[in-house]
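Residue numbers (UniProt numbering), protein chains in the order written: chain Z, 1 to 306; chain D, 1 to 307.
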Amino acid sequence: MSVANTDHAHKPRPKREKHYYEDWIGKIYTSICVVFLIVVIISIVFFVASKGLTTFVKDGVSPLEFFTSGNWNPTGDEPAYGALPFIVGSFTVTILAALIASPLALCAALFMTEIVPGKGKRILQPAIELLSGIPSVVYGFVGLTVIVPLIRSIFGGTGVGILAGCLVLSVMILPTITSIMADAITSLPGGLRESSYALGATRWQTITGVVIPTVLPALLTGVVLGMARAFGEALAVQMVIGNAPHVPHSLLESASTLTSVITLSMGNTASGSVHNNALWSMALVLLLMTFIFVLLVRLLERRNRV
Amino acid sequence: MFKKAKKFPLLVTTLAMTVVLAACGSGSDSTGSGNTDNTGTKLSGSILAVGSSALQPLVDQAGQDFMEVEGNEDITVQVQGGGSGTGLTQVADKQADIGNSDVFAEEKLDADQAKTLVDHQVAVVGMSAVANKEVGVTDLTQEQLVDIFTGKITNWKEVGGADQKIVIVNRPASSGTRATFEKYALGQSAPDLQGAIQEDSSGTVKKIITETPGAIGYLALSYLDDSITAIKYNGIEATVENIESGTYPVWAYEHMYTSGDPNEVVKAFLDYMLSDEIQDTYVVDLGYIPVKGMQVVRDAEGNITEK
Numbered sequence: 001m002s003v004a005n006t007d008h009a010h011k012p013r014p015k016r017e018k019h020y021y022e023d024w025i026g027k028i029y030t031s032i033c034v035v036f037l038i039v040v041i042i043s044i045v046f047f048v049a050s051k052g053l054t055t056f057v058k059d060g061v062s063p064l065e066f067f068t069s070g071n072w073n074p075t076g077d078e079p080a081y082g083a084l085p086f087i088v089g090s091f092t093v094t095i096l097a098a099l100i101a102s103p104l105a106l107c108a109a110l111f112m113t114e115i116v117p118g119k120g121k122r123i124l125q126p127a128i129e130l131l132s133g134i135p136s137v138v139y140g141f142v143g144l145t146v147i148v149p150l151i152r153s154i155f156g157g158t159g160v161g162i163l164a165g166c167l168v169l170s171v172m173i174l175p176t177i178t179s180i181m182a183d184a185i186t187s188l189p190g191g192l193r194e195s196s197y198a199l200g201a202t203r204w205q206t207i208t209g210v211v212i213p214t215v216l217p218a219l220l221t222g223v224v225l226g227m228a229r230a231f232g233e234a235l236a237v238q239m240v241i242g243n244a245p246h247v248p249h250s251l252l253e254s255a256s257t258l259t260s261v262i263t264l265s266m267g268n269t270a271s272g273s274v275h276n277n278a279l280w281s282m283a284l285v286l287l288l289m290t291f292i293f294v295l296l297v298r299l300l301e302r303r304n305r306v
Numbered sequence: 001m002f003k004k005a006k007k008f009p010l011l012v013t014t015l016a017m018t019v020v021l022a023a024c025g026s027g028s029d030s031t032g033s034g035n036t037d038n039t040g041t042k043l044s045g046s047i048l049a050v051g052s053s054a055l056q057p058l059v060d061q062a063g064q065d066f067m068e069v070e071g072n073e074d075i076t077v078q079v080q081g082g083g084s085g086t087g088l089t090q091v092a093d094k095q096a097d098i099g100n101s102d103v104f105a106e107e108k109l110d111a112d113q114a115k116t117l118v119d120h121q122v123a124v125v126g127m128s129a130v131a132n133k134e135v136g137v138t139d140l141t142q143e144q145l146v147d148i149f150t151g152k153i154t155n156w157k158e159v160g161g162a163d164q165k166i167v168i169v170n171r172p173a174s175s176g177t178r179a180t181f182e183k184y185a186l187g188q189s190a191p192d193l194q195g196a197i198q199e200d201s202s203g204t205v206k207k208i209i210t211e212t213p214g215a216i217g218y219l220a221l222s223y224l225d226d227s228i229t230a231i232k233y234n235g236i237e238a239t240v241e242n243i244e245s246g247t248y249p250v251w252a253y254e255h256m257y258t259s260g261d262p263n264e265v266v267k268a269f270l271d272y273m274l275s276d277e278i279q280d281t282y283v284v285d286l287g288y289i290p291v292k293g294m295q296v297v298r299d300a301e302g303n304i305t306e307k
């Protein structure tokens, strides 16, 4: 502040100089932030990649074994590092959660925007925003206390497993998918709907024949972003899925995801050990999957614009 | 002028955050410096203890008290969790002053690294096999436990209990609790079985065992209560007396490792951990067993000798 004051006193033409000065402060400030952000992102990617690749390059674990073997036994006498159970688990819960959540989200979005726009939105929107604000450990605990015993009493067995995991996840990703879908439908030009009505179409015909096909890529963007969230969610899933390092035979059997095995084991393993590095390789797989999800969203957005 | 004034704090905050973040990365180079004041009695410095989440509440509590002891006003004790592996790695890399661990360093680190660390055993934690209340079994032999945890016995009726499928609630392979249970109760390592449940937190393990029919797992003594059945091991109950006398074998030390011999400040804190003030109060209250009461001593290989 004192620097600014003396500067001001020395300059005889304040008005133009001040703006010029302010412009520069703004530019420098944003540039520093952008550079900082880029450095952070590059360092994260570099860090995860270097740690994750060590497993294959230095520790000599074959990538073929890592991606295709179902035998995960890092503390055994003959350590085995097959991550297939976790990859299968992650993809299964993600896809199932998206299958459960997407139709619900689409209905909620249509209800808010097409069917009862005013009242529906006033009630449903805050309710859905509330869902996204609940911490994931709460979802996990509710899952463990409500969903797991429910599944146990209906289907028998232990109750933990992929089914419990994807039910918890589907609730968690519902707000993401719904709000993106609702935004997409709202942004549709009003003329399209009116033309449809003018041609004598009913509301359902308008929704199924005009609204949904037109915004389909944006709807899919919502689904993909929801899947990205489900793929990366750790805590809630870890509490209800059971975490056995095996490819499960049924939806009711204990299984693992990439995130759950990382959170379970990372703190207990010494950094630099093969076990720890193998966990970083799984983190790298997660990172690459996130890239793929983002890429998909970008492709869908491009299609949306045409 | 006003506009300019508004922007400055933002800029300063960002730069300050950058500096703070960078400082966080550099670890605790400046901590635990152990300066003795001119008076010769007053210690100053900071202590960073990282690691085992099982030991964290005890060290945290002791740290709070330690800072209030007269003459320690200039010492700060920081305690972080993160797991035994993290604690051992960070103390070996000199990023932390103390590494808290549930297992001997030799079991996690390679021999060269483990040799640089000095072990301070501050408490003993006993563990017991526990089962759901409905299984109808209260006593298992070592062979029966091995058969259960390796999947040879899959129904409780095979060991004299109810006709119920056995559900194993295990810890992750890297866990210190599991290592202790396998080493001293089973006497061998047990594989991860298909369909077995794995949870890391004792609270979750207890909740699942309480609610799941046929469930068996293992917990530290502080978690035992009426909601689950504590299973006797070869007919011996997991009590403090049996552990102290060495008749009940399933227990482990809680370790606080330092890299080389501790400096003055860290040594003062470790001495305080072993003082009666902590051993007779928090150690007992939090469900651990004081080391001084132990009549036997165990080394990293598991050999037991009379004290």
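All residues carry an ideal CB built from backbone N, CA and C; glycine is no exception.
Q. Got a sec? Which residues, its chain only, sit under 6 Å from T54/Z by beta carbon, not counting five neighbours each side?
A. Short of 6 Å from the beta carbon of T54/Z, and not among the five residues preceding or following it, lie these beta carbons of its own chain, in chain order: N277.
Q) Relative to the alpha-carbon of I162/Z, which residue among I177/Z, F36/Z, G89/Z has its alpha-carbon at the smallest distance? A) Ranking I177/Z, F36/Z, G89/Z by Cα distance to I162/Z puts G89/Z first.
Q: Give me the Cα-Cα distance between Y20/Z and I32/Z, rounded to the nearest whole angstrom.
A: Their Cα atoms are separated by approximately 18 Å.
Q. Under the three-state reduction of DSSP, which class applies to G85/D: helix, strand or coil?
A. Here G85/D sits in helix by DSSP.
Q. Under 7 Å Cβ-Cβ, which residues of chain Z neighbour V79/D?
A. What V79/D touches in chain Z: nothing, since even the nearest Cβ is about 15 Å away.
Q: Could you tell me the distance, in whole angstroms, from the CA atom of S69/Z to the CA atom of T76/D?
A: Cα to Cα, the separation comes out at about 49 Å.
Q) When we look at the beta-carbon of G305/D and count the other beta-carbons within 10 Å, is it buried (16 or more) or exposed? A) Sequence inspection shows Thr at residue 305/D; the Gly mentioned does not correspond to that position. Its Cβ having fewer than 16 others within 10 Å, T305/D is exposed.
Q) So what does DSSP say about K3/D, is it helix, strand or coil? A) Any reading at K3/D needs caution, since the residue's pLDDT is 46, under 50, leaving its predicted position unreliable; the model's value is listed next. In the three-state scheme derived from DSSP, where H, G and I count as helix and E and B as strand, K3/D is classed as helix.
Q: Using the DSSP secondary-structure output, state which residues sit across from T229/D in a beta bridge.
A: A131/D, per the DSSP bridge assignment.
Q. In chain D, which residues lie less than 8 Å from N243/Z when you measure between Cβ atoms?
A. What N243/Z touches in chain D: P172, I197, Q198, E199.
Q: For V190/D, count neighbouring Cβ atoms within 10 angstroms of its own Cβ and tell me buried if that reaches 16, exposed if not.
A: In the sequence under discussion, the amino acid at residue 190/D is Ala, which differs from the Val named in the question. Counting C-beta atoms within 10 angstroms of its own C-beta, A190/D has 16 or more neighbours from the protein chains shown and is therefore classed as buried.
Q) From the beta carbon of A185/D, is the nearest beta carbon of chain Z less than 9 Å away? A) For A185/D, the answer is no, since every Cβ of chain Z falls outside 9 Å of its Cβ.
Q.
For T214/Z and T206/Z, what's the separation of their Cα atoms in angstroms?
A. In a straight line, the C-alpha of T214/Z is about 11 Å away from that of T206/Z.
Q.
Can you confirm whether G151/D, when its beta carbon is compared against all beta carbons of chain Z, has any partner nearer than 9 Å?
A. Not a single CB atom of chain Z sits nearer than 9 Å to the CB of G151/D.
Q. When you check each C-beta in the region 71-86 of chain Z against every C-beta of chain D, which residues fall closer than 9 Å?
A. Residues of the region 71-86 of chain Z with a Cβ closer than 9 Å to any Cβ of chain D, in chain order: W72, N73, P74, T75, G76, D77.
(Q) By the three-class DSSP mapping on this structure, what secondary structure does V122/D have? (A) Three-state result, V122/D: strand.
Q) Would T272/D pass as a contact of F104/D if the rule is Cβ separation under 9 Å? A) The amino acid at residue 272/D is misidentified as Thr; the sequence shows Tyr. No; because the gap between Cβ atoms is not below 9 Å, this pair is not in contact.
Q: For K207/D, count neighbouring Cβ atoms within 10 angstroms of its own Cβ and tell me buried if that reaches 16, exposed if not.
A: The residue is buried, with at least 16 neighbouring Cβ atoms inside 10 Å.
Q. Of all Cβ atoms in chain D, is any one closer than 9 Å to the Cβ of G272/Z?
A. Answer yes: the Cβ-Cβ gap between G272/Z and chain D drops below 9 Å somewhere.
Q: With 7 Å as the C-beta to C-beta threshold (strictly closer), list the residues of the region 235-264 of chain Z near chain D in chain order.
A: Within the region 235-264 of chain Z, the residues whose Cβ lies closer than 7 Å to any Cβ of chain D are, in chain order, M239, G242, N243, A244, P245, H246, E253, S254, L264.
**Q.** Neighbouring residues, chain Z, relative to K206/D (Cβ below 8 Å)
**A.** In chain order: nothing, as chain Z lies at least about 12 Å away.
Q.
Rounded to whole angstroms, what is the Cα-Cα separation between A252/D and N234/D?
A. Distance between the alpha carbons of A252/D and N234/D: 18 Å.
Q. Do you know how far the Cα of A270/Z is from the Cα of P213/D?
A. P213/D and A270/Z have their C-alpha atoms spaced approximately 35 Å apart.
Q) Mind checking if P249/D is an interface residue toward chain Z, Cβ cutoff 9 Å exclusive? A) By this cut-off, P249/D is not an interface position.
Q: Taking only beta carbons into account, state which residues of the region 62-93 of chain D come closer than 9 Å to chain Z, listed in chain order.
A: Per Cβ criterion, the list reads G81, G82, G83, S84, G85, T86, G87, L88, T89, Q90, A92, D93.
Q: Using the Cα positions of Q238/Z and D276/D, report the straight-line distance between them to the nearest angstrom.
A: Looking at the two C-alpha atoms, the distance is approximately 40 Å.
Q. Taking C-alpha atoms, which residue in L167/Z, T221/Z, R122/Z lies nearest to R302/Z?
A. R302/Z has its Cα closest to that of T221/Z, out of L167/Z, T221/Z, R122/Z.
Q) Any Cβ of chain Z within less than 9 Å of the Cβ of V167/D? A) The beta-carbon of V167/D is placed less than 9 Å from the nearest beta-carbon of chain Z.
Q) Using a C-beta to C-beta distance shorter than 7 Å, which residues of chain D count as neighbours of G267/Z? A) Neighbours of G267/Z on chain D, chain order: G82, G83, G85, T86.
Q. What residues in the region 261-293 of chain D bring their beta carbon closer than 7 Å to a beta carbon of chain Z?
A. Listed in chain order, the positions of the region 261-293 of chain D with a beta carbon within less than 7 Å of a beta carbon of chain Z would be empty, since no residue qualifies.
Q: May I have the straight-line CA-CA distance separating I212/Z from L219/D, to the nearest angstrom?
A: Going by the C-alpha atoms only, they are around 54 Å apart.
Q. CA-CA distance, P249/D and P172/D?
A. Rounded to the nearest angstrom, the two C-alpha atoms are 22 Å apart.
**Q.** Unbroken alpha helix (DSSP H) run spanning A230/Z, endpoints
**A.** Residue range 212-232 is occupied by the alpha helix (DSSP H) that includes A230/Z.
Q | Collapsed DSSP secondary structure at V50/D in the structure displayed | A | Under the three-state reduction of DSSP output, V50/D falls in the strand class.
**Q.** Buried versus exposed call for P85/Z [16 or more other C-beta atoms within 10 Å across all chains shown]
**A.** By the neighbour-count rule (16 or more Cβ atoms within 10 Å), P85/Z is buried.
**Q.** Close-in-space but distant-in-sequence residues of the same chain around P63/Z (CB under 7 Å, 5 per side omitted)
**A.** F56.
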